[in-house]
Amino acid sequence: MKKTERLVYYYDLSIHAESRTFKAPKPIYVKKAFQLMELVPMEKRLKEASKGREQFYISDWKWEGDIISILVNKSDKGISDPVFTIPQKKQRRTAEKQEEEGQDFSVHIVVQLPQDDQQAALVLIENCVGLGVYAVQRLLNQILHDAKQLKPLDYEQFHPDGAVDDKGKSKKYNVDFKCEFEGHISDDLKYDLDNGKIQSIELITEKEKYTNIDEDGYIQEKCKTLVLTLKDEGVKGKFNKIKNVFIKKKDDYSRARIKFKTPTGVDRTVVMDTNDVSAQGYVKKEKLDDFEFDLKSSYDKFCDALLERMKDLLRSRE
């Protein structure tokens, strides 16, 4: 991307509830989730990764009406020092990091809360390599988890069977809440799958704990793959058929890999999340360009011009 351009991706945000006690706890509204996140002090809205080499954190946050603006940063100690050159003059300069410093990147996020609290929120996320939607999701989930320590009663629900304790009080069980982003599927993916030739579909499940295959535990099972076959004859609405299969299998298989040939003959492979049936390369996006100044790779406060352009995209949908 040019220094005066940015890509913005479209997502829906909903809140998922889970519990070790009960299989189907009641989720909370998106608005309530952000109210809980705001309980966590700004300086503590962060998440470490890669054994501390990476830190994801919130550097700016503003809630106005039904719009929540968030600036998410990533500080990465593992990236090599950048080198700048002028080949014609044979000049070379390395910008060396100090021991505790990490190279910083940031993305602007705009959340539009729904008029109906039960619906998903519309979210626009600025594109940045290494700071994508799943990194943002993990950070927000960490903040939502930390809020549990500050307001634990909001993370308790009455048991659905109406059970009571020895004192006759209704039993409660602990619940955790997590953000789930679902990409807006672009028309390109639907068109390519409906009109192209699908070569293979694989459903993949990855385990949190590896299973030993040999006696010494040297060889371990990391994931299982279910390979699907398709009929040779043409079928209408292939995309919707595939989507329905993913939805049915999402509890058993977290990812899917599709290999296909586009209508123009280009071989493609996409890895999709079965939970939201999206592939990053096919998520709806919008290019913002013609900024009158160079955009930075990292901000510690909102870039007002960029933020307003993103809000304009929301207004154009009203």
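The opening residue of the sequence shown carries number 0 in numbering that gives the first Met the number 0; numbering runs sequentially from there. By construction, the Cβ of each residue, glycine as well, lies at the ideal position given by its N, Cα and C atoms.
With which residues is residue i paired in a DSSP beta bridge?
| i | result |
| --- | --- |
| D266 | K260 |
| A48 | E53 |
| V82 | T93 |
| Q117 | In DSSP, Q117 forms no bridge with anything. |
| F176 | A16 |
| S199 | K258 |
| E181 | D11 |
| N243 | Paired residues: none, contrary to the question. |
| V163 | S169 |
| L6 | K286 |
| K61 | S68 |
Hey, out of the options, whose CA is closest to residue i's CA?
| i | options | result |
| --- | --- | --- |
| A162 | Y298, E42, K171 | K171 |
| K61 | M36, E53, D80 | M36 |
| M271 | Y9, D193, D145, I246 | I246 |
| S185 | D165, Y281, V174 | Y281 |
| V110 | L123, F104, D116 | L123 |
| I66 | S58, K248, L121, T20 | L121 |
| E201 | K230, R254, H158 | R254 |
| L287 | K89, L306, K300 | L306 |
| N322 | D191, I78, L313, C222 | Because the chain in this structure spans residues 0 to 317, residue 322 falls outside the shown range and cannot be described. |
| E17 | E155, G264, L312 | E155 |
| F180 | D80, D213, V135 | V135 |
| D266 | S199, K22, F157 | S199 |
| S79 | T93, I241, D215, K88 | T93 |
| K22 | K76, P81, H158, V244 | H158 |
| P81 | R314, S296, R308 | S296 |
| G64 | F83, F33, I85 | F33 |
For residue i and residue j, I'd like the C-alpha separation in whole angstroms.
| i | j | result |
| --- | --- | --- |
| I197 | F259 | 4 Å |
| D251 | E99 | 41 Å |
| L45 | K189 | 36 Å |
| T273 | I257 | 12 Å |
| I350 | F104 | Because the chain in this structure spans residues 0 to 317, residue 350 falls outside the shown range and cannot be described. |
| D11 | V106 | 17 Å |
| I27 | I69 | 20 Å |
| K310 | I108 | 10 Å |
| K96 | K50 | 19 Å |
| V39 | K150 | 10 Å |
| Y56 | E42 | 8 Å |
| D115 | L225 | 38 Å |
| S74 | E47 | 10 Å |
| F290 | R5 | 9 Å |
| K248 | I218 | 27 Å |
| T204 | Q90 | 50 Å |
| K283 | N126 | 12 Å |
| G264 | D187 | 14 Å |
| K31 | T228 | 43 Å |
| T268 | K166 | 59 Å |
| D160 | S169 | 10 Å |
| L312 | Q148 | 36 Å |
| D213 | K223 | 17 Å |
| A138 | P86 | For the record, residue 138 in the displayed sequence is Leu; it is not Ala. Spanning the two alpha carbons is a distance of roughly 40 Å. |
Since residue i and residue j are thought to touch, with beta carbons under 8 Å apart, how far apart are those beta carbons, to the nearest angstrom?
| i | j | result |
| --- | --- | --- |
| N140 | C178 | 6 Å |
| N194 | P262 | 4 Å |
| E285 | V71 | With a Cβ gap of about 19 Å, E285 and V71 do not count as contacting. |
| Q54 | G101 | 7 Å |
| H144 | D175 | 7 Å |
| D303 | K2 | Actually they are not in contact, since the Cβ atoms of D303 and K2 sit about 17 Å apart, beyond 8 Å. |
| H183 | Y298 | So it is not a contact: roughly 25 Å between Cβ atoms. |
| A119 | V29 | 7 Å |
| F301 | D59 | 5 Å |
| R52 | K76 | 5 Å |
Is residue i a contact residue of the ligand GTP, with contact defined as CB to any heavy atom under 7 Å?
| i | result |
| --- | --- |
| K223 | As presented, the structure is devoid of all ligands, the ligand GTP included, so that no description of it is given. |
Looking at the secondary structure, which residues open and close the alpha helix (DSSP H) in which residue i lies?
| i | result |
| --- | --- |
| Y190 | 186-194 |
| D311 | 303-314 |
| Y172 | Element bounds for Y172: not the alpha helix (DSSP H) but the beta strand (DSSP E), 171-173. |
| V39 | Counting along the chain, V39 falls outside any alpha helix (DSSP H), and DSSP gives it neither H nor E. |
Since residue i is in the beta strand (DSSP E), which residue starts that stretch and which ends it?
| i | result |
| --- | --- |
| R19 | First-last for R19: undefined, no H or E at that position. |
| H107 | 102-111 |
| L121 | 120-125 |
| R91 | 90-93 |
| D75 | 66-75 |
| Q156 | 155-157 |
| V132 | Careful: V132 lies outside any beta strand (DSSP E), inside the alpha helix (DSSP H) at 132-149. |
| K249 | No beta strand (DSSP E) holds K249; DSSP gives it neither H nor E. |
| L225 | 219-227 |
| L287 | 284-287 |
Let me see if you follow: with CB-CB separation under 8 Å, is residue i close to chain B or not?
| i | result |
| --- | --- |
| K89 | No chain B appears in this structure, which consists of one protein chain only. |
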